[in-house]
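Engineer: The sequence shown begins at 2 in our numbering and counts up by one. Every residue, glycine too, gets a C-beta built ideally from N, C-alpha and C. Just so it is clear, the structure is predicted and the values come from calculations on it, not from any experiment.
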Amino acid sequence: MNVSYRWLSDYIDLSGISARELAEMMTRGGIEIDTVPSRNEGVSGVVVGYVKKREKHPDADKLSVCTVDAGTGEDLQIVCGAPNVGADMKVPVALVGAKLPGGLNIKRAKLRGVESQGMICSARELGINDKLLPKEQQEGILVLPPETDIGRDILDVLALDDHILELDLTPNRSDCLSMLGVAYEVAALTGRPLQLPDPSKDIYASAEVVSDYVRVTISAPEHCSLYTARYIKGVKIAPSPQWMQNRLIAAGVRPINNIVDITNYVMLEYGQPLHAFDAGRVAGGRIDVRLARNGETLVTLDDQERKLEPRMLVIADAEKAIGLAGVMGGANSEVSEGTTDIILESAKFDGSTIRRTSRQLGLRSEASARFEKEVDPARVRAALDRAAGLMVRYAEGHVVEGIAEAEVSSPQPVVIDLSLSRVNGMLGTELSALEIKTILSRLQFEVEASGDDLWRVAVPSRRGDIARDVDLIEEIARLHGYDAIPTTLIEGPTTAGSLTKPQAIRRELRKILTGAGLHEAISYSVTSLPRTELFAELSAGARPIALAMPMSEERSVLRTTLLPSLLEAAVYNVNRKNHDIALFEIGNVYHTDEEKLTRLPNEKPRAALLLSGNRRAASWNRSAESVDFYDAKGILEKAFDRLGLSGLVSYEAARPEGFHPGRTAAIVIRTERGSETIGYVGQLHPETQREFDLPDTYVAELELQPVYEYADARIEYRVLPRYPAIERDIAVVVDRGVAGGALTETIAASAGELLESVKVFDVYTGERIGSDKKSVALALVYRHSERTLTDEEVGEAHARVLAQLEQSYGAELRK
Numbered sequence: 002m003n004v005s006y007r008w009l010s011d012y013i014d015l016s017g018i019s020a021r022e023l024a025e026m027m028t029r030g031g032i033e034i035d036t037v038p039s040r041n042e043g044v045s046g047v048v049v050g051y052v053k054k055r056e057k058h059p060d061a062d063k064l065s066v067c068t069v070d071a072g073t074g075e076d077l078q079i080v081c082g083a084p085n086v087g088a089d090m091k092v093p094v095a096l097v098g099a100k101l102p103g104g105l106n107i108k109r110a111k112l113r114g115v116e117s118q119g120m121i122c123s124a125r126e127l128g129i130n131d132k133l134l135p136k137e138q139q140e141g142i143l144v145l146p147p148e149t150d151i152g153r154d155i156l157d158v159l160a161l162d163d164h165i166l167e168l169d170l171t172p173n174r175s176d177c178l179s180m181l182g183v184a185y186e187v188a189a190l191t192g193r194p195l196q197l198p199d200p201s202k203d204i205y206a207s208a209e210v211v212s213d214y215v216r217v218t219i220s221a222p223e224h225c226s227l228y229t230a231r232y233i234k235g236v237k238i239a240p241s242p243q244w245m246q247n248r249l250i251a252a253g254v255r256p257i258n259n260i261v262d263i264t265n266y267v268m269l270e271y272g273q274p275l276h277a278f279d280a281g282r283v284a285g286g287r288i289d290v291r292l293a294r295n296g297e298t299l300v301t302l303d304d305q306e307r308k309l310e311p312r313m314l315v316i317a318d319a320e321k322a323i324g325l326a327g328v329m330g331g332a333n334s335e336v337s338e339g340t341t342d343i344i345l346e347s348a349k350f351d352g353s354t355i356r357r358t359s360r361q362l363g364l365r366s367e368a369s370a371r372f373e374k375e376v377d378p379a380r381v382r383a384a385l386d387r388a389a390g391l392m393v394r395y396a397e398g399h400v401v402e403g404i405a406e407a408e409v410s411s412p413q414p415v416v417i418d419l420s421l422s423r424v425n426g427m428l429g430t431e432l433s434a435l436e437i438k439t440i441l442s443r444l445q446f447e448v449e450a451s452g453d454d455l456w457r458v459a460v461p462s463r464r465g466d467i468a469r470d471v472d473l474i475e476e477i478a479r480l481h482g483y484d485a486i487p488t489t490l491i492e493g494p495t496t497a498g499s500l501t502k503p504q505a506i507r508r509e510l511r512k513i514l515t516g517a518g519l520h521e522a523i524s525y526s527v528t529s530l531p532r533t534e535l536f537a538e539l540s541a542g543a544r545p546i547a548l549a550m551p552m553s554e555e556r557s558v559l560r561t562t563l564l565p566s567l568l569e570a571a572v573y574n575v576n577r578k579n580h581d582i583a584l585f586e587i588g589n590v591y592h593t594d595e596e597k598l599t600r601l602p603n604e605k606p607r608a609a610l611l612l613s614g615n616r617r618a619a620s621w622n623r624s625a626e627s628v629d630f631y632d633a634k635g636i637l638e639k640a641f642d643r644l645g646l647s648g649l650v651s652y653e654a655a656r657p658e659g660f661h662p663g664r665t666a667a668i669v670i671r672t673e674r675g676s677e678t679i680g681y682v683g684q685l686h687p688e689t690q691r692e693f694d695l696p697d698t699y700v701a702e703l704e705l706q707p708v709y710e711y712a713d714a715r716i717e718y719r720v721l722p723r724y725p726a727i728e729r730d731i732a733v734v735v736d737r738g739v740a741g742g743a744l745t746e747t748i749a750a751s752a753g754e755l756l757e758s759v760k761v762f763d764v765y766t767g768e769r770i771g772s773d774k775k776s777v778a779l780a781l782v783y784r785h786s787e788r789t790l791t792d793e794e795v796g797e798a799h800a801r802v803l804a805q806l807e808q809s810y811g812a813e814l815r816k
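Here is the structure:
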């Protein structure tokens with residue numbers, strides 16, 4: 002929001018307070034001012050001149066010799082190259098000795114042999130952004146209104162002796178998106194009285210009744226609570242007065258004509274967007290606020306055809322849509338040079354509806370920016386009257402008696418209970434009751450005593466950000482001055498902060514995975530429908546949840562697994578010549594069994610990893626080593642071991658969809674409740690790898706909820722062994738279908754407490770032991786923590802192991 006210091010002075014006496022001092026005061030009061038640029042970029046000695054006559058330069062086709070009265074007492078001869086200069090014009094004239102932006106000094110000069118006693122200026126030469134001027138003024142010299150006084154300083158005429166306060170507003174302070182809102186704020190900060198405009202001052206209503214010309218209905222009451230309109234007859238389209246153009250330009254708004262400029266001026270003044278329709282182009286004199294129809298289109302004022310959707314709010318006449326409510330008007334009802342009658346709109350639209358329409362169409366306007374943050378309902382009619390009065394004064398219009406309106410609901414006043422002890426307790430101050438009442442009165446809040454040091458505070462509707470007593474306390478703090486609040490010790494019970502168990506486990510899991518050389522990926526929670534069908538077992542039959550307004554087809558449904566996102570990241574890397582990929586992601590997936598949602602989906606926390614390429618690059622003394630299944634499985638084993646789950650987790654051969662049928666294992670957790678598959682680890686199916694154009698890639702994905710429940714990340718320390726171990730190696734011949742993990746589990750269960758560890762160190766298959774058999778070599782370590790074991794003790798335990806292997810798997814010792 003750009004605020005003109007001169008304009009602001011209309012509402013509040015700023016004498017003795019410079020623009021920069023005011024900016025400092027407002028920033029300290031909670032409204033940050035980014036910069037305070039001056040509108041004068043170095044102009045001096047420029048006045049209003051009158052071109053008495055224009056003649057062609059004798060020696061230059063593109064130059065003119067002008068005789069100009071600049072109020073100096075004698076006519077000046079000025080050579081000008083602008084094509085639009087002509088006799089009987091009022092123009093800015095830089096006299097000899099004048100200074101212009103960029104360090105330009107005006108001197109007497111001869112141009113092609115003709116003396117020039119000054120310079121006729123364009124807007125750009127005066128430091129004005131010519132893109133903010135009316136289109137007819139953007140080329141050539143700046144032409145001033147005919148009634149401008151000759152010899153008057155151009156700084157005063159164009160209001161260049163002004164400063165702009167550039168407000169950096171937070172979303173809650175939408176009340177300062179208007180000059181009046183800023184004036185209320187400055188009045189509260191300075192304690193000076195406000196001088197507000199009388200909105201109905203210039204309205205001279207005719208004997209005719211508005212209902213004879215326009216009728217208003219609201220067919221979408223949940224999206225519009227109030228719609229008002231006035232009918233103004235006999236307007237004359239012309240440029241708006243120079244003072245109004247100056248203020249619009251200072252605010253960054255380009256003047257167009259008197260009608261449009263008045264609506265923009267009042268929007269900036271009141272914060273209430275308005276729109277003017279050409280009454281002759283509104284069919285049936287009827288206005289209806291409704292939702293768009295299927296297939297309906299509208300050409301907006303920027304000459305773009307917009308395809309409307311049924312959730313978008315439109316303003317319609319008896320036949321068609323004539324405007325996008327709160328966003329932009331339609332070209333089919335635009336005010337033009339031939340317009341004589343106006344229907345002037347002022348309304349209270351639902352902010353979320355306007356925000357959704359604006360975002361979906363990529364169409365943001367000054368009006369939508371204000372409606373999105375909710376306008377003050379108390380100013381809807383006041384702004385309507387203010388604009389109608391200005392149209393009477395500057396467009397020669399006649400206002401028809403009455404307001405055409407439809408109101409669904411009126412806002413309830415906000416009344417908040419506040420106590421002195423609550424204020425001082427939260428701020429650590431010792432403010433008196435009188436000081437607090439004074440501050441609230443400066444804010445124009447009505448305060449009524451309801452007990453000893455208790456008040457009921459009525460909040461004006463313009464301050465929609467205040468809903469609780471803490472909001473009032475914040476207002477008191479900033480008006481009292483943050484610098485004046487003393488430093489005090491914190492009082493009351495305190496609770497030591499800590500991570501929840503799931504938070505601690507996720508943090509530890511990140512440490513483990515990054516320590517294993519993986520990089521964390523953070524991907525979209527939305528994906529495409531085909532991606533949700535890739536890994537059926539991981540989706541567990543969940544139905545995809547479609548978004549109401551997707552960004553694109555590739556981001557149209559909530560993800561049901563993490564792996565597709567990691568695969569997309571891998572493809573992105575491979576396409577950019579990064580072939581050695583190690584990624585992981587910890588995030589939520591979204592499952593539901595409903596085809597149409599009636600309740601929130603189940604958010605399941607999961608972890609996934611992806612490995613592709615080489616685990617070790619080639620060097621002069623070694624060749625490259627590609628990642629394999631055991632790299633992915635080993636990373637998981639390391640994580641489970643650190644989380645205290647190694648004794649509960651096992652791996653079983655599996656053939657889930659999307660995975661390689663012979664290089665995949667289910668991750669199984671065994672608890673007192675039984676066995677549960679919590680995920681899968683393995684190589685991608687060759688077809689999936691071809692679909693994504695990836696080399697051999699190994700992935701894993703697992704549920705984290707069981708991990709949260711059973712993990713115990715506490716580190717237990719044990720005394721180093723003082724007594725020697727006894728090692729026994731065995732090689733047993735079993736059926737090829739027997740898993741090595743099953744053998745180690747059986748050995749651990751049968752050997753008893755003397756067994757310290759068991760691991761597979763070799764597997765052999767070949768013709769010598771039969772095509773359906775394999776030899777598994779295992780290393781067993783026995784140890785007692787408090788004494789040296791005897792051969793007899795180890796032999797007894799070892800015999801139990803061999804007997805159990807033979808009984809369970811028909812195992813035979815390999816000869």
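Please confirm whether Pro-200 and Ala-383 have their CB atoms less than 7 Å apart.
Structural biologist: For Pro-200 and Ala-383, yes; Cβs fall inside 7 Å.
Engineer: Could you spell out where the beta strand (DSSP E) holding Tyr-765 opens and where it closes?
Structural biologist: 756-765
Engineer: In angstroms, rounded to a whole number, what distance separates the CA positions of Ala-633 and Ala-800?
Structural biologist: 35 Å
Engineer: What's the C-alpha gap between Lys-100 and Arg-153?
Structural biologist: 16 Å
Engineer: I'd like the ranges of any alpha helix (DSSP H) spanning at least 4 consecutive residues and lying wholly in the segment 134-216.
Structural biologist: 155-158, 180-191
Engineer: Give the single residue among Ala-740, Glu-223, Arg-769 whose Cα lies nearest to the Cα of Lys-760.
Structural biologist: Ala-740
Engineer: Would you decide whether Leu-197 is buried or exposed? Buried here means 16 or more other CB atoms lie within 10 Å of its CB.
Structural biologist: Leu-197 counts as exposed, since fewer than 16 other C-beta atoms from the protein chains shown sit within 10 angstroms of its C-beta.
Engineer: Could you give the DSSP three-state label for Gly-465: helix, strand or coil?
Structural biologist: coil
Engineer: Which of the three DSSP states is assigned to Thr-665 in this structure?
Structural biologist: strand
Engineer: Taking the alpha helix (DSSP H) that Lys-634 falls in, what are its first and last residues?
Structural biologist: Counting along the chain, the alpha helix (DSSP H) containing Lys-634 begins and ends at 630-643.
Engineer: Would you mind working out which of Leu-362, Thr-301, Arg-282, Asn-130 sits nearest Met-313, comparing C-alpha positions?
Structural biologist: Leu-362
Engineer: Report the residue ranges of all beta strand (DSSP E) runs contained in full by the segment 712-760; include only those spanning at least 3 residues, in chain order.
Structural biologist: 727-736
Engineer: Starting from the C-beta of Ser-540, find all residues in its chain whose C-beta is less than 7 Å away, skip the five residues before and the five after it, and write them out in chain order.
Structural biologist: Thr-533, Thr-561, Thr-562
Engineer: Give the range of the beta strand (DSSP E) segment to which Thr-298 is assigned.
Structural biologist: 298-300
Engineer: Quick check on DSSP: helix, strand or coil for Glu-375?
Structural biologist: coil
Engineer: Could you compute how far the alpha carbon of Ala-188 sits from the alpha carbon of Trp-8?
Structural biologist: 15 Å
Engineer: Between which two residues does the alpha helix (DSSP H) harbouring Gly-796 extend?
Structural biologist: Segment 792-810, the alpha helix (DSSP H) holding Gly-796.
Engineer: Quick test of the definition: if touching needs 3 or more C-beta pairs under 8 Å, does the segment 34-52 touch the segment 68-77?
Structural biologist: With the cut-off at 8 Å, the segment 34-52 and the segment 68-77 touch.
Engineer: Among Leu-564, Leu-428, Leu-432, which has the Cα closest to the Cα of Glu-475?
Structural biologist: Leu-428
Engineer: Which whole-angstrom value describes the C-beta separation of Leu-178 and Leu-166, a residue pair presumed to lie in contact below a C-beta threshold of 8 Å?
Structural biologist: Incorrect: roughly 13 Å between the Cβ atoms, too far for contact.
Engineer: Across which residues does DSSP place Glu-56 in a beta bridge pair?
Structural biologist: Val-66
Engineer: For Thr-354, I'd like the list of residues in its chain whose CB is within less than 7 Å of its CB, leaving aside the five on either flank, ordered along the chain.
Structural biologist: Result list for Thr-354: His-224, Leu-314, in chain order.
Engineer: Rounded to whole angstroms, what is the Cα-Cα separation between Ser-676 and Glu-626?
Structural biologist: 35 Å
Engineer: Pick out whichever of Thr-358, Ile-727, Pro-606 has its Cα sitting closest to the Cα of Ala-780.
Structural biologist: Ile-727
Engineer: Exposed or buried, what is Ile-716 when buried is set at 16 or more other beta-carbons lying within 10 Å of its beta-carbon?
Structural biologist: exposed
Engineer: Taking the runs of the beta strand (DSSP E) that are 3 residues or longer, which of them lie wholly in the segment 83-137?
Structural biologist: If we require 3 residues or more, the beta strand (DSSP E) runs fully inside the segment 83-137 come out as 90-101, 110-112, 115-117.
Engineer: For the pair the segment 603-613 and the segment 576-585, tell me if three or more CB-CB distances fall below 8 Å.
Structural biologist: The segment 603-613 is in contact with the segment 576-585.
Engineer: Mind checking who Ala-778 pairs with in its DSSP beta bridge?
Structural biologist: Ala-732, Asp-763
Engineer: Please confirm if the segment 442-458 is in contact with the segment 393-407, defined as three or more CB-CB distances below 8 Å between the two stretches.
Structural biologist: no
Engineer: Considering only DSSP beta bridges, list what Ser-772 is partnered with.
Structural biologist: DSSP, once it has assigned bridges, lists no residue as partnering Ser-772.
Engineer: Cutting at 7 Å between CB atoms, please list the residues of its own chain near Glu-335, excluding the five before and the five after it.
Structural biologist: Asp-279, Leu-302
Engineer: Indicate whether the contact test is met: 3 or more Cβ pairs, each with one atom in the segment 329-349 and one in the segment 129-145, closer than 8 Å.
Structural biologist: no
Engineer: Let me check understanding here. Comparing Cα to Cα, which of Val-393, Glu-447, Arg-291 lies closest to Ser-207?
Structural biologist: Val-393
Engineer: Along the chain, which unbroken stretches of the alpha helix (DSSP H) at least 4 residues long are found entirely within the segment 374-432?
Structural biologist: 381-396, 421-428
Engineer: Where does Arg-380 land, buried or exposed, given buried means 16+ other C-beta within 10 angstroms?
Structural biologist: The residue is buried, with at least 16 neighbouring Cβ atoms inside 10 Å.
Engineer: Can you tell me which of Glu-33, Arg-248, Pro-194, Val-290 puts its alpha carbon nearest to the alpha carbon of Pro-172?
Structural biologist: Glu-33
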